[in-house]
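Reading through the structure tokens given below for one structure.
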Amino acid sequence: MRAIVITEAGGPEVLEWQEVPEPTVRPGEVLIEVTASAVNRADVMQRQGFYNPPPGDSPYPGLECSGVIIQGGYGFEPGDQVCALLGGGGYAERVAVPWEQVMPIPENISITDAAGLPEVVCTVWSNVFMLARLRRGETLLVHGGASGIGTMAVQLAKAHGAHVVATVGSHLKGAAVCALGADEVVNYREEDFSEKVRADVILDIMGAKYLAGNVRALKTGGRLVVIGLQGGIKAELDLLTLLNKRAAVHGTTLRSRPADEKGAVCRGVVENVWPLLSAGAVRPVVHTTLPMAQAAEAHRLLDSGEHVGKILLLASSPA
Numbered sequence: 105m106r107a108i109v110i111t112e113a114g115g116p117e118v119l120e121w122q123e124v125p126e127p128t129v130r131p132g133e134v135l136i137e138v139t140a141s142a143v144n145r146a147d148v149m150q151r152q153g154f155y156n157p158p159p160g161d162s163p164y165p166g167l168e169c170s171g172v173i174i175q176g177g178y179g180f181e182p183g184d185q186v187c188a189l190l191g192g193g194g195y196a197e198r199v200a201v202p203w204e205q206v207m208p209i210p211e212n213i214s215i216t217d218a219a220g221l222p223e224v225v226c227t228v229w230s231n232v233f234m235l236a237r238l239r240r241g242e243t244l245l246v247h248g249g250a251s252g253i254g255t256m257a258v259q260l261a262k263a264h265g266a267h268v269v270a271t272v273g274s275h276l277k278g279a280a281v282c283a284l285g286a287d288e289v290v291n292y293r294e295e296d297f298s299e300k301v302r303a304d305v306i307l308d309i310m311g312a313k314y315l316a317g318n319v320r321a322l323k324t325g326g327r328l329v330v331i332g333l334q335g336g337i338k339a340e341l342d343l344l345t346l347l348n349k350r351a352a353v354h355g356t357t358l359r360s361r362p363a364d365e366k367g368a369v370c371r372g373v374v375e376n377v378w379p380l381l382s383a384g385a386v387r388p389v390v391h392t393t394l395p396m397a398q399a400a401e402a403h404r405l406l407d408s409g410e411h412v413g414k415i416l417l418l419a420s421s422p423a
């Protein structure tokens, strides 16, 4: 089969579409013929040499895919159209994945668009709802509101009755995020979010750079969930402010969790989020779709920050 291989740590040019060995299907796994995958920030970090896949997972990038089951079991039959949360290997023509991490495609969603759902939906559901327990009427602050995760967080929080604030880097992105349901946007190039926003839950992709501001922005009893480190890994935490607010800071990752934990997240997503997608209350936001052989161009686009929503990579034509 063919897959995107990282030939060495570096820029997008190190991504090459090459012939590679077929994946080995281990007990507890199914084999998927990949229709499409999607680009995530973790793929960029892996390309740069900073974020290797968990032991035993595919060495190729790609944390999600959609496609067709070609070797089933565990309730899946050959020919079933599915999408899956992966530890790696989405940038390939075929991928083996633990059955717990495989989900049916929501009704009324195309098999191509479904490729951009597993990573962002599972990330938002596990962190905003399972961990931080966002409730109706509370305020959610989403950093990077125009990103794949951001566009999904805005929609899901709004669908659950929250007041949603998002940070964005341009007025154009602000308009796009408001169209998805955000009640307020803060242009981080022009304003300090910590002076303007008070939130019950904050979903943060920046890490160190935003830690102090995030703690200031929390309401009493607030919950800060850090899921990314684009702004660095070390910062000073004002514990007195945290204590006075009776607030909490959580740091989580999804990729390194064992299959049973990922499976629990996937089951929650199918039960709670898939109906919203099928009904059109929440939708995938796709910026563009490129052939998988052009993964380098997709990474350049992600690096530019000019996209809104997901960038998809098409491995094969939809059935």
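Start counting the sequence shown at 105; every next residue gets the next number (our numbering). A virtual CB, placed ideally from N, CA and C, is assigned to each residue, including glycine. Small disclaimer: the values here were computed from a predicted structure and weren't measured.
Residue burial is scored here from C-beta neighbours: Glu117 has fewer than 16 other C-beta atoms within 10 angstroms and is therefore classed as exposed. For the pair Asn318 and Asp308, the CB atoms are nearer than the 8 Å cut-off. For the options Tyr314, Val172, Arg130 and His354, the alpha carbon positioned closest to that of Pro202 is the one of Arg130. Linking Tyr314 to Gly335 through their CA atoms gives a straight-line distance of about 7 Å. Minimum Cα-Cα distance from His411 among the listed residues Val206, Gly114, Gly252 and Leu343 corresponds to Gly252.
With distances taken between CA atoms, Tyr195 lies nearest to Glu123 out of Leu238, Glu123 and Ala312. In the structure shown, Thr139 adopts extended strand secondary structure according to DSSP, grouped into three states. Excluding residues up to 5 positions away in sequence, Ala316, Gly317, Asn318, Arg320 and Ala321 lie with their Cβ nearer than 8 Å to the Cβ of Ser298 in the same chain. DSSP places Gln122 in the uninterrupted beta strand (DSSP E) bounded by Leu119 to Glu123. Taking 4 residues as the minimum length, the alpha helix (DSSP H) runs contained wholly in the region 171-239 are 222-228, in order along the chain. If you compare the alpha carbons of Pro157, Leu235, Ala140 and Ala146 with that of Ser170, the shortest gap goes to Ala140. Arg327 is bridged by DSSP to Val305 and Ala352. Look at Lys313 here: in three-state DSSP terms it is helix. Ranked by Cα distance from Thr356, the first of Leu417, Val172, Gly332 and Ser214 is Gly332. Where Glu375 is concerned, the enclosing alpha helix (DSSP H) starts and stops at Ala363 to Asn376.
Of the other Cβ atoms in all chains shown, fewer than 16 fall within 10 Å of the Cβ of Thr345; this residue is therefore exposed. The beta carbon of Glu126 is closer than 8 Å to those of Met105 and Arg198 in its chain, skipping five residues each way along the sequence.
For the pair of segments examined, the region 372-388 was found to touch the region 214-231: the number of CB pairs separated by less than 8 Å reaches three. When C-alpha distances from Ile108 are compared across Leu328, Lys366 and Gly193, the shortest belongs to Gly193.
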